[in-house]
Amino acid sequence: MAPPIFAGHRHDRHVLIGQGLRNKQIGERLFISETTVRHHLTSIFDKLEVADRLELMMYAYQHGLARVPPSFRPIEQLKD
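The opening position of the sequence shown corresponds to residue 2 in the numbering used here, with each subsequent residue numbered one higher.
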């Protein structure tokens, strides 16, 4: 279960960030403005004490809030 700061749409935003979407694209998918997306991201960054999207995704993976896609193959497997 996501911590309260990831509840509802904020959880959706961090998932969409993990998909590599820009603020404008996230806003279009959630029917909110790009400015609102930026505001929510800033709030999440502050609450988690992370500096950027990369740190946010690292936090999400470390705390079990994000998973590696099933199609992902580690580099070691690609060498075979």
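Every residue gets a Cβ at the ideal spot worked out from N, C-alpha and C, and that includes glycine.
Just so you know, these numbers come straight off a predicted model, no measurement behind them.
With respect to GLU35, LYS48 sits apart: the two C-beta atoms are not nearer than 7 Å. If you check the CB distance, ILE27 and VAL38 come in under 7 Å.
Per the coordinates, the alpha-carbon of LEU57 lies some 9 Å from the alpha-carbon of LEU42. One thing to note: ALA52 has its Cβ no nearer than 7 Å to the Cβ of ALA61. Setting aside the 5 residues that flank it on each side, LEU22 is surrounded in the same chain by ARG30, each with a C-beta closer than 8 Å to its C-beta; the list follows chain order.
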